[in-house]
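One structure is given here, and the rest of the page talks about it.
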Amino acid sequence: MTILEQMLLNTDSAVILGHVRPDGDCLGSALGLYNYIRSFRPDIRTAVYLEEASPKFAYLKGFEEIRHRTDDESYRLCICVDSSDRERLGEFAVYLDRAQASLCLDHHVTNTGYGECSVVEAGASSTCEVLFGQMDEKYIDKSVAECLYTGIVHDTGVFKFSCTSPKTMEIAGRLMGKGVDFGNIIDDSFYRKTYIQNQILGRALLESITFLDGRCIFSAIRQNEMKFYGVDGKDMDGIIDQLRLTEGVEVAIFMYQTGASEYKVSLRSQNIVDVSRVASFFGGGGHVRAAGCTMSGSIHDVINNLSLHIEKQLNEREQEG
Ligand code: AMP
Ligand code: MN
Ligand code: MN
1 MTILEQMLLN TDSAVILGHV RPDGDCLGSA LGLYNYIRSF RPDIRTAVYL
51 EEASPKFAYL KGFEEIRHRT DDESYRLCIC VDSSDRERLG EFAVYLDRAQ
101 ASLCLDHHVT NTGYGECSVV EAGASSTCEV LFGQMDEKYI DKSVAECLYT
151 GIVHDTGVFK FSCTSPKTME IAGRLMGKGV DFGNIIDDSF YRKTYIQNQI
201 LGRALLESIT FLDGRCIFSA IRQNEMKFYG VDGKDMDGII DQLRLTEGVE
251 VAIFMYQTGA SEYKVSLRSQ NIVDVSRVAS FFGGGGHVRA AGCTMSGSIH
301 DVINNLSLHI EKQLNEREQE G
């Protein structure tokens with residue numbers, strides 16, 4: 001029996017939490033688990049608490065049932081998915097404090113081990129992949145499969161990032177076998193953009209700047225620009241992916257303003273720089289090739305601070321090789 005199955009057998013209530021600004025893997029694993037519990041142990045009182053997510057994920061079963069505000073409820077078991085540390089749970093961390101038992105399911109190298117029990121597989125493409133390994137396939141119905149497939153698609157950039165393994169593909173194949181509409185999931189949740197989202201993508205690319213001899217690229221969107229276009233953080237998905245694909249670029253940085261002098265920073269690397277180390281230094285985290293953090297100062301300050309760390313890693317590599 002897996003740790004998840006054991007913990008579910010020993011509880012009558014469960015709360016599922018993920019990370020702030022939930023992405024495809026966070027939503028997919030939270031709702032995948034929610035739907036699984038409903039078929040595996042329907043007697044368990046279960047709820048999901050997450051910040052508001054992009055409506056493009058509304059096809060996931062249970063999306064409308066996600067609670068977005070804290071309340072007085074408490075649950076015996078707290079399961080945290082795709083969140084590398086306690087702070088990333090945001091305001092919903094109160095349910096972790098109120099619970100008698102906790103389980104953390106994750107795939108971040110930077111996971112701090114904040115859960116009482118943890119299943120953290122840093123080699124896994126996504127939390128959905130980790131979750132699949134914890135589930136009894138008998139109880140994975142089409143709705144669970146759609147959630148897990150969505151998470152895998154998003155964290156692998158549609159099966160192409162280096163975190164994609166033969167095992168990832170096997171799991172995706174098993175999920176396809178459950179009848180998921182894979183083409184539509186990929187198009188509607190990953191590639192499709194609203195007109196405004198395309199405009200902000202265009203603006204970010206137009207204003208991007210290369211530095212460190214073209215080995216790095218960055219672009220920044222300020223709050224006044226976000227207001228002008230009427231976009232929020234959820235509309236910026238995909239910008240970093242396009243920056244990352246600029247020829248000759250090892251590290252791509254995208255940031256958008258979240259406060260007077262505060263930026264949400266995304267980092268991606270090609271094959272040299274460990275961006276999880278860079279992000280961790282500034283209080284964030286993530287994976288070797290994809291990481292993020294929140295930084296203060298002006299755009300200039302943020303880039304200066306990041307470039308010192310990136311350049312150091314690039315130089316180390318040059319000296320080695
Ligand atoms: P993003 O650039 O926001 O798409 O994030 C890339 C990866 O880094 C994801 O796996 C995130 O979970 C992780 N990440 C982003 N921001 C943070 C943060 N502030 N702290 C820890 N991990 C983060
Ligand atoms: Mn995530
Ligand atoms: Mn993930």
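As numbered in full-length UniProt numbering, residues 1 to 321 make up the sequence shown, in order.
Glycine included, every Cβ here is placed at the ideal spot set by N, Cα and C.
Given the structure is predicted, the values throughout are model-derived calculations rather than measurements.
Residue i versus residue j: straight-line alpha-carbon distance, rounded
| i | j | result |
| --- | --- | --- |
| residue 322 | H108 | Within the shown structure, residues of the chain are numbered from 1 to 321, placing residue 322 beyond reach of any answer. |
| N10 | R41 | 11 Å |
| R289 | L267 | 8 Å |
| R192 | D43 | 38 Å |
| Q100 | L148 | 27 Å |
| F161 | L27 | 19 Å |
| E247 | Q270 | 10 Å |
| L212 | F282 | 20 Å |
| A14 | E311 | 45 Å |
| Y36 | E5 | 11 Å |
| G321 | S276 | 22 Å |
Contacting residues, own chain, Cβ-Cβ under 7 Å from residue i (five flanking each side not counted)
| i | result |
| --- | --- |
| F190 | V153, H154 and V158 |
| F182 | Y149 and M176 |
| I185 | E146, Y149, T150 and V153 |
DSSP-derived helix/strand/coil call for residue i
| i | result |
| --- | --- |
| F211 | strand |
| T127 | helix |
| K264 | strand |
| D82 | coil |
| A204 | helix |
| R67 | strand |
| R45 | strand |
| F161 | coil |
| T258 | strand |
| I310 | helix |
Local Cβ density within 10 Å of residue i, reported as buried at 16 or more and exposed below that
| i | result |
| --- | --- |
| residue 322 | Because the chain spans 1 through 321 in this model, residue 322 falls outside it and cannot be assessed. |
| K227 | exposed |
| T46 | buried |
| E129 | buried |
| Y256 | buried |
| K264 | buried |
Contact set for residue i: own chain, Cβ-Cβ below 8 Å, skip 5 residues either direction
| i | result |
| --- | --- |
| E91 | T70 |
Residue closest to residue i, alpha-carbon to alpha-carbon, out of the options
| i | options | result |
| --- | --- | --- |
| E146 | K167, S13 and I171 | I171 |
| T127 | Y59, G62, D23 and V265 | D23 |
| A204 | F254, L89, D187 and T168 | F254 |
| I303 | V251, R317, S276 and Q197 | V251 |
| D241 | L103, I217, Q257 and E116 | I217 |
| F125 | G292, L308, G286 and E316 | First, the residue type needs correcting, since residue 125 is Ser and not Phe in the sequence shown. Of the candidates G292, L308, G286 and E316, the one whose C-alpha sits nearest the C-alpha of S125 is G286. |
| V278 | L308, V48 and K234 | L308 |
| E52 | S261, S74 and L17 | L17 |
| S219 | G202, Y75 and D232 | G202 |
| L243 | L306, E316 and E207 | E207 |
Contacting residues, own chain, Cβ-Cβ under 6 Å from residue i (five flanking each side not counted)
| i | result |
| --- | --- |
| G179 | K142 |
| T112 | D85 |
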